[in-house]
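Taking it in order: structure first as structure tokens, then the write-up.
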Amino acid sequence: MQKDKILVIGASGQIGVELTLGLRKIYGNANVVASDLREENDLLKGTGPYVSLDVMNKEMLHVQVIRQNITQIYLLAAILSATGEKNPGLAWHLNMQGLLNVMDIAREEKLQKVYWPSSIAVFGPTSPKKNCPQQTIIEPITVYGISKYAGEFWCNYFHRRFGVDVRSLRYPGLISYKSAPGGGTTDYAIEIFHEALEEKKYQCFLNEDTYLPMMYMADAIRATIELMEAPADKITVRTSYNLSGMSFSPKDIAAEIKKHIPEFTVTYKSDYRQAIADSWPQSIDDSVSRKDWGWKEEYDLAAMTKDMLDNLRKQ
Ligand code: NAD
Ligand code: AKB
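Counting from 593, one number per residue, gives the positions in the sequence shown under this note's numbering.
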């Protein structure tokens, strides 16, 4: 059997950096090729191969897949919810065409597996707010959510029609200290830590009682790798799996940070991102992931807050 050789597209982004490092630990540094449109992230430098790549350039992507003997692709390049609302056409174009380029090449080259993340942003105001189930009413109101929902059905299509083993998770908002977030509505939950440490105060762009599904990056990376390593016959969802870690509001996370930094204060001034957040569920039912491939989160709000502050202080 051919040895695993992985291409991560969007490797310099918030998830890409940590996923690339995680995959390199398992598959070996030389077997995980990082790629991005922007320059290599400092944390990746010296840890393995890097190529400059635009996922929209299908020909160049195809050349790299053949040249590097790639057997698996993790596609992370996308425009997220908040940035997407500023340039809907560009968000649709990148989020859709990037995926279709990868799926066509995966089919032609008979790649072993493809990973492509979806998001809780597929859900809209008509979806259940609490414990939103795997299958429910899905009417997204952002271009990002529309592109993710359409992408889920492309994944399902390529699996059914051409047998591409593509797997996907609907990530909640992800919280991390290694690399900066890329323009999402849940980014406040990262900014708040930086501002708490540096300024002891933070002005939040969401209202204090805006509950959203969230997850610590360590859990998200483990979920991704566990899903990708699960036997194919365990994967019953070929659109995208619901995934849950924790759910909290800005007021909750501020209170948790205050336990470590008592002088920390937060003010609230909502902007256009409030409407996006209000359209999403507050919590997610991920029982299908738990049943199919044994998902279980490790971090709750208290454990995540302590780990974030410890690591950011070290930085
Ligand atoms: P990010 O914006 O931090 O990273 C995306 C990376 O893709 C960037 O480094 C960017 O330079 C690169 N990129 C952009 N256009 C490219 C192109 N044409 N060719 C090659 N690379 C290109 O995003 P992220 O937070 O790491 O998200 C990765 C994926 O996970 C996205 O699909 C996103 O929708 C999904 N997701 C993220 C979150 C989250 O909270 N971070 C939650 C749900 C889903
Ligand atoms: C965003 O806020 O856009 C992302 C996501 C939940 O997909 N973090």
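From the three backbone atoms N, C-alpha and C, an ideal C-beta is built for every residue, glycine too.
Helix or strand or just coil, what does DSSP make of residue i?
i	result
Arg759	strand
Asp825	helix
Gln656	helix
Tyr780	helix
Ile697	helix
Gly765	strand
Leu667	strand
Tyr808	strand
Val625	strand
Tyr642	strand
Lys793	strand
Val647	coil
Ile813	helix
Leu636	coil
Ile662	coil
Leu599	strand
Should residue i go down as buried or exposed, given a rule of 16 or more other Cβ atoms within 10 Å for buried?
i	result
Arg616	buried
Ser644	exposed
Glu791	exposed
Asp801	exposed
Tyr864	exposed
Thr734	buried
Arg759	buried
Thr728	exposed
Val714	buried
Asn633	buried
Lys637	exposed
Phe785	buried
Glu890	exposed
Phe745	exposed
Glu610	buried
Lys826	exposed
Ala810	buried
Glu651	exposed
Asp878	buried
Glu855	exposed
With a cut-off of 8 Å on the beta carbons, I'd call residue i and residue j a contact; round off their distance for me.
i	j	result
Ile849	Ala788	5 Å
Leu635	Lys770	6 Å
Gln726	Val829	7 Å
Lys722	Ser862	About 21 Å separates the two Cβ atoms, so there is no contact after all.
Leu766	Thr816	That pair is no contact at about 11 Å.
Asp596	Gln664	6 Å
Leu668	Ile607	6 Å
Met695	Ser739	That pair is no contact at about 14 Å.
Asn623	Ile658	That pair is no contact at about 16 Å.
Glu818	Trp887	7 Å
Gly640	Gly774	At roughly 22 Å, the Cβ-Cβ gap does not stay under 8 Å, so Gly640 and Gly774 are not in contact.
Would you check whether the ligand ZN has a heavy atom nearer than 7 Å to the C-beta of residue i?
i	result
Thr777	The model on display carries the ligand NAD and the ligand AKB but not the ligand ZN.
Is residue i close to the ligand AKB? I mean its beta-carbon at under 7 Å from any heavy atom of the ligand.
i	result
Pro823	no
Tyr763	yes
Leu893	no
Leu667	no
Leu766	yes
Tyr642	no
Ile813	no
Ser832	no
Ser862	no
Ala713	yes
Tyr736	yes
Are there any heavy atoms of the ligand NAD lying less than 7 Å away from the beta-carbon of residue i, as far as the coordinates show?
i	result
Met648	yes
Leu672	yes
Arg537	The chain is shown from 593 up to 907; residue 537 falls before or after that span and cannot be answered.
Ile607	yes
Ser875	no
Ser839	no
Ser580	There is no way to answer for residue 580, as the model of the chain reaches only from 593 to 907.
Leu789	no
Ile697	no
Gly690	yes
Pro805	no
Ser719	no
Ile845	no
Ile579	Because residue 579 is not part of the residues shown, which for the chain are 593 to 907, the question remains open.
Ser871	no
Gly774	yes
Leu798	no
Leu682	no
Leu636	no
Pro725	no
Ser760	no
Ser836	no
Task: Continuous alpha helix (DSSP H) assignments of at least 4 residues falling wholly in the region 815 to 864 - done: 842 to 850
Open item on the list: Restricting to runs no shorter than 3 residues, where is the beta strand (DSSP E) found entirely within the region 700 to 741?
Closed with: 705 to 707
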